[in-house]
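For the sequence shown, the working numbering assigns the number 835 to the last residue and increments by one with no breaks.
See structure below.
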Amino acid sequence: MRRCSSVRTAHHCPRETAMRQERLKNFNDARFGMFIHWGLYAIPGRGEWVRYQEDIPPAEYAKLADQFNPRHYDPRAWARIAREAGMRYMVLTAKHHDGFCLFDSQHTEFTSVRTAARRDLVAEYLDACRAEGLMAGLYFSVKDWSIPAYFRGPEADPSGWQECVDRFHRQTLELMSNYGPIDILFYDCADDADFRGGWGERTAEVWDSETLNAKVRQLQPGILINDRSGLPEDYATPEQTVPMEVPDDTRMYESCVTMNDNWGYAIGDGNWKSTDLLIRQLIACAARGSNYLLNVGPDPDGVIPAPSVDRLREMGGWLRTHGEAVYGTERLLPNYFDVHSTGRITTKGKQAFLTLDQWSTTGELVITQLANEVLAARLLPTGEQLSVHREGRRVVITGLPAHSPARYVNVVELDLDGPARPQYHSH
Ligand code: GLC
Numbered sequence: 409m410r411r412c413s414s415v416r417t418a419h420h421c422p423r424e425t426a427m428r429q430e431r432l433k434n435f436n437d438a439r440f441g442m443f444i445h446w447g448l449y450a451i452p453g454r455g456e457w458v459r460y461q462e463d464i465p466p467a468e469y470a471k472l473a474d475q476f477n478p479r480h481y482d483p484r485a486w487a488r489i490a491r492e493a494g495m496r497y498m499v500l501t502a503k504h505h506d507g508f509c510l511f512d513s514q515h516t517e518f519t520s521v522r523t524a525a526r527r528d529l530v531a532e533y534l535d536a537c538r539a540e541g542l543m544a545g546l547y548f549s550v551k552d553w554s555i556p557a558y559f560r561g562p563e564a565d566p567s568g569w570q571e572c573v574d575r576f577h578r579q580t581l582e583l584m585s586n587y588g589p590i591d592i593l594f595y596d597c598a599d600d601a602d603f604r605g606g607w608g609e610r611t612a613e614v615w616d617s618e619t620l621n622a623k624v625r626q627l628q629p630g631i632l633i634n635d636r637s638g639l640p641e642d643y644a645t646p647e648q649t650v651p652m653e654v655p656d657d658t659r660m661y662e663s664c665v666t667m668n669d670n671w672g673y674a675i676g677d678g679n680w681k682s683t684d685l686l687i688r689q690l691i692a693c694a695a696r697g698s699n700y701l702l703n704v705g706p707d708p709d710g711v712i713p714a715p716s717v718d719r720l721r722e723m724g725g726w727l728r729t730h731g732e733a734v735y736g737t738e739r740l741l742p743n744y745f746d747v748h749s750t751g752r753i754t755t756k757g758k759q760a761f762l763t764l765d766q767w768s769t770t771g772e773l774v775i776t777q778l779a780n781e782v783l784a785a786r787l788l789p790t791g792e793q794l795s796v797h798r799e800g801r802r803v804v805i806t807g808l809p810a811h812s813p814a815r816y817v818n819v820v821e822l823d824l825d826g827p828a829r830p831q832y833h834s835h
């Protein structure tokens, strides 16, 4: 791989910057990705925080590695499920808070290569992403419960803490050096120190994140880095929520969301979100030009639970006929076009897509959010023409069929006289 070597930090390398902008555009257009939380915690099946929450003695937890031998691990199958769901990238937990590495690390024995599985699960996953044409992302937890010094903290144990920082840097750089091109690096929990509360503004300093991220960018020109190493980097990552706006309006964000109430495999958790809700959340992200990273928690054998697969298949079916309203839509933060209680409006050039949570019972729809002239209205996916006219502030669409044509959210495509402009209420 060619590296940026002419400048001291990759941030200033023009080639790196151009590649990064292009990748950010592709990432932003992609809209929809698969988050995969998978590791030893899948065996007890009580979520990925089980070691910490149940205070499992480290030696006992470590024994799970002797059982972790996922014979049905087939990341090509994961990638196919993702692609058929309309997802365009994946992000796998290379290492979660428990410290167990799904990759071949030289800095710990606690890896899938040195224990029962005897496989580099990350290498196989990355091959699968590439084979299925998906952008490849890796999640890496800065928090590491497998290092005793992590719990003592830098004040009580400065040299132990240095070991934590070194391991964080070295393992991240292993992932960046040994596996070919990586598109996305999703750090987690640099700011969250269990033994002393959070690090707040000192996070990046405590972990020396600036130095590390500059090295990451040298090794992987164009890589996208999230905002959880204590530095804002390329994009924000709100969790379990689709915010109306983010503090810095100019940045894109990616909402990561679970399908039930856990990230890791949880046998007893049947609280699955409906496909309808998942589609609405995806649209809410698209309406802000942001992404939706939807999580799956495969079982100990590497199989994605059936309720997740079912929902993903249904989302894929909807996206095949309504994807125009989602992929590549514009970044509007905040989006002034929300059609309260009825749905949302996503925009793209001179196009607007009215996404409807409820079907009209009158054959008619009225919206007041657009200042534009609406030249034509069509129902997706058939392209059936609808009548449209303006009455003052109101755009009135008529001729809707009596019964909802789509199983989930319906979409009316509007041709506008120019880029969408919001119309505010005067009273
Ligand atoms: C939180 C949790 C973690 C999960 C992550 C996903 O930080 O600690 O378990 O991986 O959110 O965004």
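Where is the CB? At the ideal position from N, CA and C, for every residue including glycine.
Classification of residue i by the beta-carbon crowding that lies within 10 angstroms, buried from 16 upward
i	result
Met409	Per-residue confidence for Met409 stands at a pLDDT of 41, beneath the threshold of 50, marking its modelled position as unreliable; no derived number is given.
Ala695	buried
Thr658	exposed
Pro706	buried
Glu821	buried
Leu783	exposed
Met667	buried
Thr619	exposed
Cys421	buried
Ile675	exposed
Thr649	exposed
Lys503	buried
Thr523	buried
Asp883	No statement about residue 883 is possible, as the shown extent of the chain runs from 409 to 835 and does not include it.
Glu424	buried
Ala426	exposed
Range of the contiguous beta strand (DSSP E) that encloses residue i
i	result
Val573	That residue, Val573, is in no beta strand (DSSP E); its alpha helix (DSSP H) goes 566 to 586.
Lys503	497 to 503
Arg802	802 to 806
Leu529	Segment 529 to 539 is the alpha helix (DSSP H) holding Leu529; no beta strand (DSSP E) there.
Ala760	759 to 764
Lys756	751 to 756
Asp544	Looking at the sequence provided, one finds Ala at residue 544 rather than Asp. 543 to 549 is the span of the beta strand (DSSP E), which, as asked, contains Ala544.
Glu424	It is not in any beta strand (DSSP E) - Glu424 instead sits in the alpha helix (DSSP H) that spans 422 to 438.
Tyr595	592 to 596
Arg798	792 to 799
Asn703	699 to 704
Leu824	818 to 824
Arg786	782 to 787
Ile775	772 to 775
Contact belief for residue i with residue j at Cβ below 8 Å, rounded distance in angstroms
i	j	result
Ala598	Ser637	5 Å
Ala601	Gly561	7 Å
Leu542	Ala487	6 Å
Arg439	Tyr816	Rounded, the Cβ-Cβ distance is 16 Å, inconsistent with contact.
Leu762	Val819	7 Å
Val774	Val796	Not quite, the Cβ-Cβ distance comes to about 11 Å (not below 8 Å), so this is no contact.
Ala544	Leu534	5 Å
Lys623	Leu581	6 Å
Thr776	Leu794	At roughly 17 Å, the Cβ-Cβ gap does not stay under 8 Å, so Thr776 and Leu794 are not in contact.
Leu808	Gly771	5 Å
For residue i, the first and last residue of its enclosing alpha helix (DSSP H)
i	result
Tyr643	Taken as a continuous stretch (DSSP letters only), Tyr643 belongs to no alpha helix (DSSP H), as it is neither H nor E.
Glu722	714 to 730
Ser474	In the sequence under discussion, the amino acid at residue 474 is Asp, which differs from the Ser named in the question. Residues 472 to 475.
Asp669	Premise fails: Asp669 is in no alpha helix (DSSP H) and is neither H nor E.
Arg625	617 to 627
Leu846	In the structure as shown, the chain starts at 409 and stops at 835, and residue 846 therefore has no counterpart that could be examined.
Arg491	483 to 492
Gln461	458 to 461
Between the CA atoms of residue j and residue i - distance to the nearest angstrom
i	j	result
Gly455	Trp671	6 Å
Thr352	Tyr832	Residue numbering for the chain in the displayed model covers 409 to 835; residue 352 lies beyond these limits and cannot be assessed.
Trp446	Ser520	12 Å
Ile451	Asp482	17 Å
Glu781	Asp825	6 Å
Glu563	Asp765	53 Å
Thr501	Glu540	19 Å
Pro789	Ala733	11 Å
Ser812	Leu632	40 Å
Pro466	Trp680	31 Å
Pro518	Ala470	In the sequence under discussion, the amino acid at residue 518 is Phe, which differs from the Pro named in the question. Their backbone Cα atoms lie some 8 Å apart in a straight line.
Asp718	Ala557	43 Å
Ser549	Asp823	45 Å
Phe594	Val499	8 Å
Ala714	Glu722	12 Å
Gly588	Ile489	23 Å
Leu432	Arg538	18 Å
Ser768	Tyr460	49 Å
Gly678	Asp709	19 Å
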